[in-house]
Amino acid sequence: MSSTTASSATAETAAQPKALLHAAALGAGTACMGTAYAKCLKTSVSAVWTKLPSVLNLADPTLFIPLACTLGGLIVGLVNVNVKGYTMPELIGSQQSESDAPGGDSPSVFILPVLLLSLLTSTFGFSVGPEAPMVVAGSLVGSAYGKRAYGVSAHGMRRVMAYAGATGALTTFIGMPLAGAIFVLEITRASSGLNPEAYAALTPAVVASCASMIVAKAVFAPAKALGGHFAYDAIGSALTGRAMAAISIGAGIGGALIGRVFIAAVAALKKPMGPAAADDDSCEVDKRWVCGPKTRHVLVKTTVGLAVGLLSLYFPQTLFWGEGSLQHVLDGQRTALSAVWPGLSTDLTARAFAAVTAPFAAPSAALAVGAAKLVAIALACAGGFPGGIIFPIFFAASALAHGLSAIVPAALMPVWVMSLMASAQASVTRTPLATVFMLGLSAAASAQLSVLLPPVIIASYVGVWVSQALSKKTFFPYKRLD
């Protein structure tokens, strides 16, 4: 059977009511998984960063930060050499192959290791988030479900169900319907478009996203109010046509440059940490991390933990993946770090280079925080820590945006901040449309989205296009660079 015929058959099967019911079941199932994971993560973070410092009662509480990060690196390393996880590069590779599906013949065996490694990484404050592991775990659940429903050799439908599972898991964790569906179909293609399998997979993915959202919110959080929570200052009528063009294009180019610097930093840091990579090797962690000596693997992760801990000692803003603490930099630190999740005490953050209890004292302080966050993300990625970079990049770009407060008028700063966040993130992950949805759906009701989103949309796509023009190297590995 030709690839065109097989694709048509998969699309026809995926459009049938039975397939959509399977997708809905996956959405409901991954909602349960994502909710359980989120509860475990909140509990473990509270135990490590709130209760443990009180128990230890160190003479200098700030030293708890490098201690916790180093211990976290050691634990992740020890677990990682004894259990086999599944990475985003493996997922992308399988979703770009016509003769494969996520997890191969035994996708279910990877699910718990993926969730465990992500839980440990996020708990100990590393700057990579649970979004990517949620996508990976959800895709494995979907692939296993598709294997049972359609057979082990039905790779096309297993990939469709993998998209549905990935969408359901991500939607539950970030609480944004449709954004998850678009994200998983964009991230598996190197360009700024959707994966070619979107023809078959988009509708099941959207069904899974809707089912996941309904179960997560109506069943597990029935009394909690819906809506985004990131607040942006009012813009009023300050954004003119010329200002919109300048910000969207400037942020698009600036975000692409941030993305290229970040990818280069990851590549540079990876060189001394593992076996030599081929010239065309991507910057995302791949199987070579589990192929080397176990001792070296553990030492690398422990050393990275120490480096992250020392960096966070003076830049505690860089701890964690940034979703909970993003408001801290969105408004230029007018919101204290202790007021956002996970609520680090002022005792732990006393050595901060840029005081975390007051707004940025100068543009240079904001630039320093943004640069430190990029380094923290690069260290975690280069060291092989499993996790996503959506919110970490948002956080870094937001801080860097405030570094230009002497140039950008205060009334336009919210537009500039959101546009640079969109461009930087999209230029690295190649997910411009999903990025727009994420920023729009995560904004508080007070945000002027009809004013904010037009330049954000332009900046997001310009960021991807400029990044592609600057270099063909990508953060994730792609079999096809279309």
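So for the sequence shown, this note's numbering puts the first residue at 3; every next one is plus one.
All residues carry an ideal CB built from backbone N, CA and C; glycine is no exception.
In this text, all values refer to a predicted model and were calculated from it rather than measured experimentally.
Within 8 Å, strictly: CB atoms of residue i and residue j
i, j, result
"ALA311", "THR72", "Note on identity: in this sequence residue 311 is Gly, with Ala being the wrong assignment. In contact: GLY311 and THR72 (Cβ atoms closer than 8 Å)."
"ILE255", "VAL464", "yes"
"HIS330", "GLY79", "no"
"THR431", "ILE189", "yes"
"GLY144", "ALA168", "yes"
"SER120", "GLY170", "no"
"GLY489", "THR304", "An answer regarding residue 489 cannot be provided, because it is not within the stretch 3 to 484 covered by the chain."
"ARG160", "ALA203", "no"
"GLY87", "PRO388", "yes"
"PHE478", "MET90", "yes"
"LEU443", "MET275", "no"
"VAL302", "ALA26", "no"
"TYR152", "LEU187", "no"
"LEU172", "PHE439", "no"
"ALA258", "SER469", "yes"
"VAL417", "LEU241", "yes"
"THR320", "ALA412", "no"
"PRO365", "LEU406", "yes"
Span of the alpha helix (DSSP H), counted from its first residue to its last, around residue i
i, result
"THR169", "157-176"
"MET275", "Where MET275 is concerned, there is no enclosing alpha helix (DSSP H), given that its DSSP letter is neither H nor E."
"ALA82", "According to the sequence shown, residue 82 is Asn rather than Ala. Taken as a continuous stretch (DSSP letters only), the alpha helix (DSSP H) holding ASN82 covers 66-82."
"THR320", "Premise fails: THR320 is in no alpha helix (DSSP H) and is neither H nor E."
"SER400", "392-404"
"THR89", "THR89 -> no alpha helix (DSSP H), and no H or E assigned at all."
"ALA30", "19-48"
"TYR147", "133-152"
"ILE459", "451-472"
"SER429", "415-431"
Alpha carbon of residue i to alpha carbon of residue j, nearest angstrom
i, j, result
"GLY488", "ALA156", "Because the chain is modelled from 3 through 484, residue 488 falls outside the range shown and cannot be assessed."
"ILE395", "MET423", "7 Å"
"VAL50", "THR125", "7 Å"
"LYS375", "SER400", "10 Å"
"ALA16", "PRO206", "7 Å"
"ALA30", "ALA370", "43 Å"
"THR174", "LEU60", "38 Å"
"ILE459", "VAL57", "48 Å"
"ALA360", "GLY106", "51 Å"
"SER327", "LYS44", "14 Å"
"ILE216", "ALA21", "19 Å"
"ALA70", "LEU454", "39 Å"
"SER93", "ILE260", "Checking the sequence shown, residue 93 turns out to be Leu, not Ser. Each residue's alpha carbon lies about 26 Å from the other."
"MET415", "ALA445", "15 Å"
"THR32", "SER141", "10 Å"
"GLU14", "GLY372", "47 Å"
"PHE264", "GLN18", "43 Å"
"SER448", "HIS231", "9 Å"
"HIS24", "ALA408", "54 Å"
"SER421", "VAL154", "44 Å"
"GLY229", "SER48", "24 Å"
"VAL358", "LYS481", "43 Å"
"PHE397", "ALA11", "43 Å"
"SER462", "ALA200", "21 Å"
"GLY95", "ALA134", "15 Å"
"HIS404", "THR348", "23 Å"
"GLY433", "PRO295", "With the sequence shown as reference, residue 433 is identified as Thr, and Gly is not the correct amino acid for it. In a straight line, the C-alpha of THR433 is about 35 Å away from that of PRO295."
"CYS383", "VAL268", "7 Å"
"VAL138", "ASN197", "16 Å"
Local Cβ density within 10 Å of residue i, reported as buried at 16 or more and exposed below that
i, result
"VAL287", "Confidence at VAL287 is low in this model, with a pLDDT of 45, below 50, so its placement is unreliable and the value that follows should be read with caution. The residue is buried, with at least 16 neighbouring Cβ atoms inside 10 Å."
"ASP235", "buried"
"VAL221", "exposed"
"ALA436", "buried"
"ASN82", "buried"
"GLY238", "exposed"
"ARG150", "exposed"
"LEU315", "buried"
"SER99", "exposed"
"GLY324", "buried"
"ALA247", "exposed"
"SER250", "buried"
"GLY334", "buried"
"SER473", "exposed"
"LEU117", "buried"
"GLN272", "The question names Gln, but residue 272 is Lys in the sequence shown. The residue is buried, with at least 16 neighbouring Cβ atoms inside 10 Å."
"SER108", "exposed"
"PRO344", "buried"
"ARG191", "buried"
"GLY182", "buried"
Proximity test, Cβ basis, 8 Å: residue i and chain D
i, result
"VAL331", "The displayed structure is made up of one protein chain only, and chain D is not part of it."
What are the uninterrupted segments assigned as alpha helix (DSSP H) that are 4 or more residues long and contained completely in the stretch 191-221, given in chain order? The stretch 191-221 contains these whole alpha helix (DSSP H) runs: 200-216.
Quick one: complete alpha helix (DSSP H) runs, 4+ long, within the stretch 233-273? Fully contained in the stretch 233-273 are the following alpha helix (DSSP H) runs of length 4 or more, in chain order: 243-272.
For the stretch 345-389, which segments carrying the alpha helix (DSSP H) assignment without a break, of at least 4 residues, lie completely within its bounds, in sequence order? Positions of the alpha helix (DSSP H) runs, each at least 4 residues long and wholly inside the stretch 345-389, are given as 365-384 in order along the chain.
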